Amino acid sequence: MSGAIAGGLPILAVSAPFLVVAVLMIPAARSWGLRLMPWATLPALLVALLGPDGASQLPGTLLGSTLVLGETTRLALITTALLWLATSLATSLALGRARPSGREQTRMALPGLLAMGGGLGLALADDGLLWLAASTLIGYMLYALVMWDASPAARLAGRRLVVLLVLGDLVLFELLLILAQAADGTSFAALRATLATLEDPTLVIVLMILGLGAKAGILGLHAWLLPAFQSTPPATRIALIAFVLGAGLLGWTRLLPLGLVDWPGAGMAFGLLALITAAYALIIGMTSLDQGRLQGCILMVLTAQWLWALMLALHRPAQGAAIAELLPVVALQGSLGLAALVLLGEGDKSALTRQLSSWLAALVVAGSALPLMTPWSGWGEIAMTGLWWPALVLSPLLGRLLVGACLGGWSCAIGAGPRSGLMRRLDLTGYWTRPHEQARGGYRRLRRLPLILLPRWRDRLKQRLAAMGVAVMRSKLPRSIENHLLKWEPALLMAALIGLMAAWLGYLG
Amino acid sequence: MTIDNWIPLLVVGSSLIPGLLIFALAESRVRLRTTLNLAGALLKLALVATMLWGVAQGHQYQVQLAFLPGLELGLRVGPLALLFLTLSSLLWLVTTIYAIGYLEGSPHRSRFFGFFSLCVTATVGIAMAADLLTFLLFYELLTLATYPLVVHRGTEVARRAGLVYLAFTIGGGALMLLGIVWLYTLAGSLEFRPGGFVAGLDQTHRTSLILIFVLLIAGLGVKAALIPLHAWLPRAMVAPAPVSALLHAVAVVKAGAFGIMRVVYEVFGVELAADLGVTGPLALLAAATILYGSARALFQDDLKRRLAFSTVSQVAYIVLGVAIASPIATVGGLVHLVHQGLMKITLFFCAGNLAETLGIHRVSEMSGVARRMPCTLVAFTVAAFGMIGVPPVAGFITKWYLGLGALEAGQHWVLLVLALSSLLNAAYFLPILHAAWFREPPSTWPEERVFGRRETARALLWPPLITAAAALLAGLLASLPFSPLEWVGLIAEREFVRP
Numbered sequence: 106m107s108g109a110i111a112g113g114l115p116i117l118a119v120s121a122p123f124l125v126v127a128v129l130m131i132p133a134a135r136s137w138g139l140r141l142m143p144w145a146t147l148p149a150l151l152v153a154l155l156g157p158d159g160a161s162q163l164p165g166t167l168l169g170s171t172l173v174l175g176e177t178t179r180l181a182l183i184t185t186a187l188l189w190l191a192t193s194l195a196t197s198l199a200l201g202r203a204r205p206s207g208r209e210q211t212r213m214a215l216p217g218l219l220a221m222g223g224g225l226g227l228a229l230a231d232d233g234l235l236w237l238a239a240s241t242l243i244g245y246m247l248y249a250l251v252m253w254d255a256s257p258a259a260r261l262a263g264r265r266l267v268v269l270l271v272l273g274d275l276v277l278f279e280l281l282l283i284l285a286q287a288a289d290g291t292s293f294a295a296l297r298a299t300l301a302t303l304e305d306p307t308l309v310i311v312l313m314i315l316g317l318g319a320k321a322g323i324l325g326l327h328a329w330l331l332p333a334f335q336s337t338p339p340a341t342r343i344a345l346i347a348f349v350l351g352a353g354l355l356g357w358t359r360l361l362p363l364g365l366v367d368w369p370g371a372g373m374a375f376g377l378l379a380l381i382t383a384a385y386a387l388i389i390g391m392t393s394l395d396q397g398r399l400q401g402c403i404l405m406v407l408t409a410q411w412l413w414a415l416m417l418a419l420h421r422p423a424q425g426a427a428i429a430e431l432l433p434v435v436a437l438q439g440s441l442g443l444a445a446l447v448l449l450g451e452g453d454k455s456a457l458t459r460q461l462s463s464w465l466a467a468l469v470v471a472g473s474a475l476p477l478m479t480p481w482s483g484w485g486e487i488a489m490t491g492l493w494w495p496a497l498v499l500s501p502l503l504g505r506l507l508v509g510a511c512l513g514g515w516s517c518a519i520g521a522g523p524r525s526g527l528m529r530r531l532d533l534t535g536y537w538t539r540p541h542e543q544a545r546g547g548y549r550r551l552r553r554l555p556l557i558l559l560p561r562w563r564d565r566l567k568q569r570l571a572a573m574g575v576a577v578m579r580s581k582l583p584r585s586i587e588n589h590l591l592k593w594e595p596a597l598l599m600a601a602l603i604g605l606m607a608a609w610l611g612y613l614g
Numbered sequence: 033m034t035i036d037n038w039i040p041l042l043v044v045g046s047s048l049i050p051g052l053l054i055f056a057l058a059e060s061r062v063r064l065r066t067t068l069n070l071a072g073a074l075l076k077l078a079l080v081a082t083m084l085w086g087v088a089q090g091h092q093y094q095v096q097l098a099f100l101p102g103l104e105l106g107l108r109v110g111p112l113a114l115l116f117l118t119l120s121s122l123l124w125l126v127t128t129i130y131a132i133g134y135l136e137g138s139p140h141r142s143r144f145f146g147f148f149s150l151c152v153t154a155t156v157g158i159a160m161a162a163d164l165l166t167f168l169l170f171y172e173l174l175t176l177a178t179y180p181l182v183v184h185r186g187t188e189v190a191r192r193a194g195l196v197y198l199a200f201t202i203g204g205g206a207l208m209l210l211g212i213v214w215l216y217t218l219a220g221s222l223e224f225r226p227g228g229f230v231a232g233l234d235q236t237h238r239t240s241l242i243l244i245f246v247l248l249i250a251g252l253g254v255k256a257a258l259i260p261l262h263a264w265l266p267r268a269m270v271a272p273a274p275v276s277a278l279l280h281a282v283a284v285v286k287a288g289a290f291g292i293m294r295v296v297y298e299v300f301g302v303e304l305a306a307d308l309g310v311t312g313p314l315a316l317l318a319a320a321t322i323l324y325g326s327a328r329a330l331f332q333d334d335l336k337r338r339l340a341f342s343t344v345s346q347v348a349y350i351v352l353g354v355a356i357a358s359p360i361a362t363v364g365g366l367v368h369l370v371h372q373g374l375m376k377i378t379l380f381f382c383a384g385n386l387a388e389t390l391g392i393h394r395v396s397e398m399s400g401v402a403r404r405m406p407c408t409l410v411a412f413t414v415a416a417f418g419m420i421g422v423p424p425v426a427g428f429i430t431k432w433y434l435g436l437g438a439l440e441a442g443q444h445w446v447l448l449v450l451a452l453s454s455l456l457n458a459a460y461f462l463p464i465l466h467a468a469w470f471r472e473p474p475s476t477w478p479e480e481r482v483f484g485r486r487e488t489a490r491a492l493l494w495p496p497l498i499t500a501a502a503a504l505l506a507g508l509l510a511s512l513p514f515s516p517l518e519w520v521g522l523i524a525e526r527e528f529v530r531p
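As structure tokens, this is what we get:
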């Protein structure tokens with residue numbers, strides 16, 4: 106492949122959504138644009154999977170910007186592209202169901218496409234200014250997507266999101282100014298090199314936490330995240346995952362010179378933030394009945410996991426480079442997993458959503474084994490631990506989400522089986538909902554189906570297992586344990602979490 | 033005289049002659065008036081494009097004309113003059129097209145377009161003035177040419193606003209005249225020179241120079257709407273939208289800011305100004321204006337008044353860039369001359385569209401208006417984001433350079449001002465966008481006019497779309513050759529950044 110073509114590939118990847126926007130703007134070509142919309146992220150996916158490493162100068166853009174396809178950005182691009190593929194397919198299906206007018210369809214599709222362009226730009230940008238521009242584009246377009254649902258909850262989420270966006274962007278602007286002035290450039294390499302020479306990084310770390318934390322949803326700056334997840338459709342929720350990942354979490358790895366600095370104070374701050382964010386997400390997640398809110402809590406735990414990994418990298422510089430390599434894998438696994446869960450919980454009956462959900466769920470299952478590989482991949486013990494404790498926090502939340510999603514009955518949940526019978530008798534809602542909420546229809550609300558299509562014999566096996574589960578759960582002892590757990594589970598889980606952390610900090614020494 | 037001497041005169045004549053002819057035209061001669069307007073604007077643009085190429089190659093265009101014994105009027109086109117000249121020529125063309133659509137069917141159009149052309153004549157004269165005297169003459173011509181435009185509607189409110197405008201601007205002109213005469217008696221010259229022409233006088237006339245600086249800045253500060261001399265600007269909002277666009281983006285406030293640049297860089301010189309201790313207070317005044325204008329904008333329900341207070345704030349960025357007195361901040365200040373023009377003219381065009389098409393004058397009437405006028409609101413959104421400083425719109429580049437320049441000059445407090453100002457800008461623009469895009473529209477609009485399937489007339493729709501695209505591209509493609517930023521870099525390199 107010639108150098109010019111290879112250099113143009115990242116530009117092609119980022120510009121595809123903008124080209125579809127251009128097509129949508131031509132009234133005569135609007136229907137073509139709408140048909141192209143779900144596939145606007147495909148060039149990025151193909152470039153990420155097949156394109157060679159390389160950098161593309163963007164002539165004249167901002168103060169001299171570059172897109173880079175390299176080892177780390179490739180994984181980020183794959184993750185982003187997959188998330189946006191899921192988002193755009195879900196949006197297309199939603200538009201197909203609602204059948205609004207052509208003009209209305211364009212109005213709904215445009216923010217999504219622009220956000221997609223911003224998201225892909227975030228993954229490939231190699232300089233602070235282009236990255237900030239992409240980050241603001243995706244941020245404000247997501248604000249538009251959140252606000253389309255005119256419900257009071259969506260309005261609240263939108264208002265909070267836009268306030269935190271403005272504040273976060275301002276802080277990032279000041280941070281980049283300070284770094285760029287010292288670095289005499291805005292490329293991430295120059296910014297990281299400057300950071301590595303700082304004697305006192307306190308101001309920069311504070312600005313980084315505030316600026317990126319507002320987008321990553323760390324505790325204190327998370328006010329938009331849970332209402333946004335609660336009030337938006339699945340397509341928007343997956344876009345929100347892409348935003349948190351690209352504009353928040355990956356920003357830290359782009360800016361911090363991991364492996365080059367020994368900043369125990371900053372590391373401790375990240376660790377503390379990780380703990381309180383995880384603890385908050387756990388408590389809220391365990392006491393919440395809303396599936397969307399629960400998904401938001403899981404995303405907060407992923408953020409906490411990320412912060413914890415940063416803490417490890419800053420505490421143990423020798424492990425920093427390994428952790429920096431590991432984090433994009435964590436991003437791929439965590440974000441796609443959560444996206445799959447968002448789609449699974451939706452219970453959409455369209456064949457395409459079912460297929461999509463099934464494939465993504467398979468990806469999650471396959472990806473879940475990745476942390477197990479850490480001891481053999483040279484990432485080291487500390488890196489592995491950084492992955493595993495959040496998994497402990499995640500497990501009850503994931504369990505709750507999945508049970509909520511499957512509660513309509515394993516028989517149906519697993520796909521082809523009949524809805525009657527087991528589902529009706531499965532009385533797990535006593536455990537997962539409060540009595541007054543059951544009365545209000547909490548049970549019905551939780552009857553969301555994962556819709557995984559499996560061969561018939563496996564469905565039968567699942568049904569049999571579900572029947573056994575029902576039989577066990579309907580006995581007296583489990584009911585009694587459930588009732589007690591309902592009161593004490595957050596406290597118990599918190600105690601376990603704090604104990605684990607204390608043990609870990611003691612181990613670190 | 034060579035062709036190079038003639039070109040600056042032709043630039044002046046390309047709007048002066050059509051303007052005078054238009055005065056003589058009957059109201060019914062619509063086609064001829066339109067032809068004269070557009071031909072003049074296109075000719076001026078072609079001449080400016082020629083000079084742009086020439087100056088980039090290091091060429092200078094100038095002409096001297098005898099005025100009084102011992103005094104000459106001079107026009108000279110260097111990189112700095114050309115920056116303002118290009119802006120005003122380009123935006124004049126767009127504003128003319130817009131004004132033709134806006135005033136269709138309204139009375140006194142010949143009078144309006146006549147003064148409109150005179151106004152641009154004065155502006156290009158200010159841009160090309162080679163000395164303070166020429167500058168003052170065109171500066172006063174600008175006052176006289178814009179007054180009839182401010183009072184064009186002929187209402188009582190308009191007449192009162194016009195009187196306030198006249199009182200302020202003539203008062204400012206008088207202060208400037210006093211300063212210029214005093215300076216001439218000390219220096220014996222009024223010719224603009226890179227590095228300033230009064231540098232040799234610092235030891236002997238220090239106090240006089242400080243007072244002259246204050247007089248000149250006060251005179252120019254009226255048009256630049258620096259506090260406390262800004263009161264005329266929000267009142268002048270009674271004028272038709274094209275006039276507001278002209279006042280805020282092309283002519284009047286820009287003339288004041290451009291004049292301050294010339295005084296600091298080409299009359300006193302940055303070093304002398306800093307040595308006299310006048311740049312620090314000027315920076316503080318600019319900072320106070322930035323914050324005050326933004327804070328006042330926050331509480332305005334009238335859309336044009338909100339935009340007017342926003343202008344008070346935004347033009348002060350230019351002055352701040354000049355007053356920080358570092359090369360990078362200079363770039364930020366100079367480039368904002370163009371960036372603010374593109375963004376603010378877009379906002380006023382959009383405000384005009386809302387008023388003309390739906391009868392919307394207030395922010396509180398804008399709920400759901402984006403569903404009725406999506407293209408206008410797209411343009412408004414881009415410009416508003418630019419004003420806030422959201423990348424990659426042009427305003428971001430300005431703030432970036434101002435911030436870098438402030439850090440370079442060790443004036444870290446400027447970062448706080450920039451942050452606060454951006455926050456206030458967001459606070460007064462984002463609620464407008466929120467209401468327009470996400471609230472439910474009312475069942476009827478105050479005074480709706482229907483234009484078939486289009487949201488408004490073509491002549492009203494294209495200008496804001498063009499200027500919004502230009503504002504976006506000026507930021508996104510900031511390092512392209514001949515972009516405003518690159519051009520300003522050339523100015524800074526040639527005229528101000530000296531070893």
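Residue numbers (the working numbering), protein chains in the order written: chain W, 106 to 614; chain C, 33 to 531. The beta carbon of each residue, even a glycine, is placed where N, CA and C say it ideally should be. Please read all numbers here as calculations on a predicted model, not as lab measurements.
Considering only their Cβ atoms, is the gap separating C/A154 from C/A177 smaller than 7 Å? As a working mapping, residue 177 of chain C is identified with position 145 in the second sequence. As a working mapping, residue 154 of chain C is identified with position 122 in the second sequence. Taking 7 Å as the Cβ cut-off, C/A177 and C/A154 qualify as a contacting pair.
Cβ-based contacts, 8 Å cut-off: residues of the stretch 285–314 of chain W near chain C: A285, Q286
Does the CB of W/I252 have a neighbour CB from chain C at under 7 Å? The residue you call residue 252 of chain W lines up with position 147 of the first sequence. Here residue 252 of chain W is Met; the residue named in the question, Ile, does not match the sequence. True, the Cβ-Cβ gap to chain C drops below 7 Å.
Out of curiosity, what's the CA-to-CA distance linking C/I464 and C/M398? Against the second sequence, residue 464 of chain C aligns to sequence position 432. Against the second sequence, residue 398 of chain C aligns to sequence position 366. Going from the Cα of C/I464 to the Cα of C/M398 covers about 7 Å.
Let me make sure I understand the geometry here. Which of C/T389, C/I212, C/K336, C/I242 has the alpha-carbon closest to that of C/P379? On the second sequence, residue 379 of chain C is found 347 positions in, with the first residue counted as 1. This sequence places Leu at residue 379 of chain C; Pro is not what is there. The residue with the shortest Cα to Cα distance from C/L379 is C/K336.
Any idea what DSSP makes of C/L165, helix, strand or coil? Residue mapping note: residue 165 of chain C aligns to position 133 of the second sequence, counting from 1. Three-state DSSP puts C/L165 in a helix.
I need the DSSP call for C/A193, collapsed to helix, strand or coil. Locating residue 193 of chain C in the second sequence gives position 161, where the first residue counts as 1. Here C/A193 sits in helix by DSSP.
I think W/P148 touches W/A121, with their Cβ atoms under 8 Å apart; what is that distance to the nearest whole Å? Mapped onto the first sequence, residue 148 of chain W falls at position 43. Mapped onto the first sequence, residue 121 of chain W falls at position 16. Yes, they are in contact, since the Cβ atoms of W/P148 and W/A121 sit about 4 Å apart, within 8 Å.
So who's on the other strand from C/V95, going by DSSP bridges? To locate residue 95 of chain C, count along the second sequence from 1; it is residue 63. C/V95 is bridged to C/L107.
Near W/G397, what residues of its chain come up, given a Cβ to Cβ distance below 6 Å and the 5 sequence neighbours on each side ignored? Working through the first sequence from its first residue, we reach residue 397 of chain W at position 292. Here the set comprises F334, Q335.
Closest Cα partner of C/A277 within the set C/A193, C/F461, C/P495, C/V299: As a position in the second sequence, residue 277 of chain C is number 245, starting the count at 1. Selected option, being the one with the closest Cα: C/P495.
W/Q162 - containing beta strand (DSSP E), residue span: Here residue 162 of chain W refers to the residue found at position 57 when the first sequence is read from its first residue. Its beta strand (DSSP E) spans residues 159–163.
What does DSSP give as the partner residues of W/D232 in its beta bridges? What you label residue 232 of chain W is simply residue 127 of the first sequence in a count that begins at 1. W/D232 is bridged to W/S292.
Can you tell me whether W/L272 is helix, strand or coil according to DSSP? Position 167 of the first sequence, counted from the first residue, corresponds to residue 272 of chain W. In the structure shown, W/L272 sits in a helix (DSSP, three-state: H, G or I).
Report the neighbours of C/F470 on chain W: residues whose CB is nearer than 7 Å to its CB, in chain order. Residue mapping note: residue 470 of chain C aligns to position 438 of the second sequence, counting from 1. Simply M252.
Hey, does C/L509 have any beta-carbon neighbour from chain W nearer than 7 Å? Sequence index remark: in the second sequence, residue 509 of chain C carries index 477 (1-based). Interface residue, yes.
Which bits of chain W does C/V370 rub up against, with CB to CB less than 8 Å? Here residue 370 of chain C is taken as the residue at index 338 of the second sequence, counted from 1. Within chain W, no residue comes near C/V370; the closest Cβ sits about 16 Å away, beyond 8 Å.
Please report the straight-line C-alpha distance between W/T178 and W/E430, rounded to a whole angstrom. Along the first sequence, read from residue 1 onward, the residue named residue 178 of chain W stands at position 73. Along the first sequence, read from residue 1 onward, the residue named residue 430 of chain W stands at position 325. Distance between the alpha carbons of W/T178 and W/E430 is about 11 Å.
According to DSSP, which residues form a beta bridge with C/D334? Translated into the one-based positions of the second sequence, residue 334 of chain C becomes position 302. Its beta-bridge partners are C/R394.
From C/S142 to C/L386, what distance separates their C-alpha atoms? Taking the second sequence and counting its residues from 1, the one referred to as residue 142 of chain C is at position 110. Taking the second sequence and counting its residues from 1, the one referred to as residue 386 of chain C is at position 354. For C/S142 and C/L386, the distance between alpha carbons rounds to 25 Å.
Check: C/G90 C-beta below 6 Å from any heavy atom of the ligand NAP: Only the bare structure without any ligand can be found here, which leaves the ligand NAP out of the picture.
What is the C-beta distance between W/I389 and W/L443, in whole angstroms, given that I count them as a contact (C-beta under 8 Å)? Position 284 of the first sequence, counted from the first residue, corresponds to residue 389 of chain W. Position 338 of the first sequence, counted from the first residue, corresponds to residue 443 of chain W. Actually they are not in contact, since the Cβ atoms of W/I389 and W/L443 sit about 16 Å apart, beyond 8 Å.
Is it buried or exposed for W/G226, if we count other Cβ within 10 angstroms and need 16 for buried? Translated into positions along the first sequence, residue 226 of chain W becomes position 121. Classification of W/G226: buried, given that the 10 Å Cβ count is 16 or more.
For C/V246, go through chain W and note every residue whose CB falls closer than 8 Å to its CB, in chain order. Within the second sequence, numbered from 1, the residue matching residue 246 of chain C stands at position 214. What C/V246 touches in chain W: nothing, since even the nearest Cβ is about 32 Å away.
Just checking: is the beta-carbon of C/G435 within a distance shorter than 7 Å of some beta-carbon in chain W? As a position in the second sequence, residue 435 of chain C is number 403, starting the count at 1. It does: the Cβ of C/G435 has a partner Cβ on chain W nearer than 7 Å.
Excluding the 5 residues flanking W/G372 on each side, which residues of the same chain have their C-beta closer than 8 Å to its C-beta? The residue given as residue 372 of chain W occupies position 267 in the first sequence. The residues are L415, M416, L417, A418, L419, H420.
Contact check, C/R353 vs C/L434 under 8 Å by CB: the rounded distance? Within the second sequence, the letter at position 321 stands for residue 353 of chain C. Within the second sequence, the letter at position 402 stands for residue 434 of chain C. Checking the displayed sequence, the identity of residue 353 of chain C turns out to be Gly instead of Arg. With a Cβ gap of about 6 Å, C/G353 and C/L434 count as contacting.
Please say whether C/L374 and C/A503 have beta carbons closer to each other than 7 Å? Stepping through the second sequence from its first residue, residue 503 of chain C is reached at position 471. Stepping through the second sequence from its first residue, residue 374 of chain C is reached at position 342. Closer than 7 Å, so yes.
From C/V182 to C/E388, what does the alpha carbon distance come to, in whole angstroms? Walking along the second sequence from the start, residue 182 of chain C turns up at place 150. Walking along the second sequence from the start, residue 388 of chain C turns up at place 356. So the two alpha carbons sit approximately 18 Å from each other.
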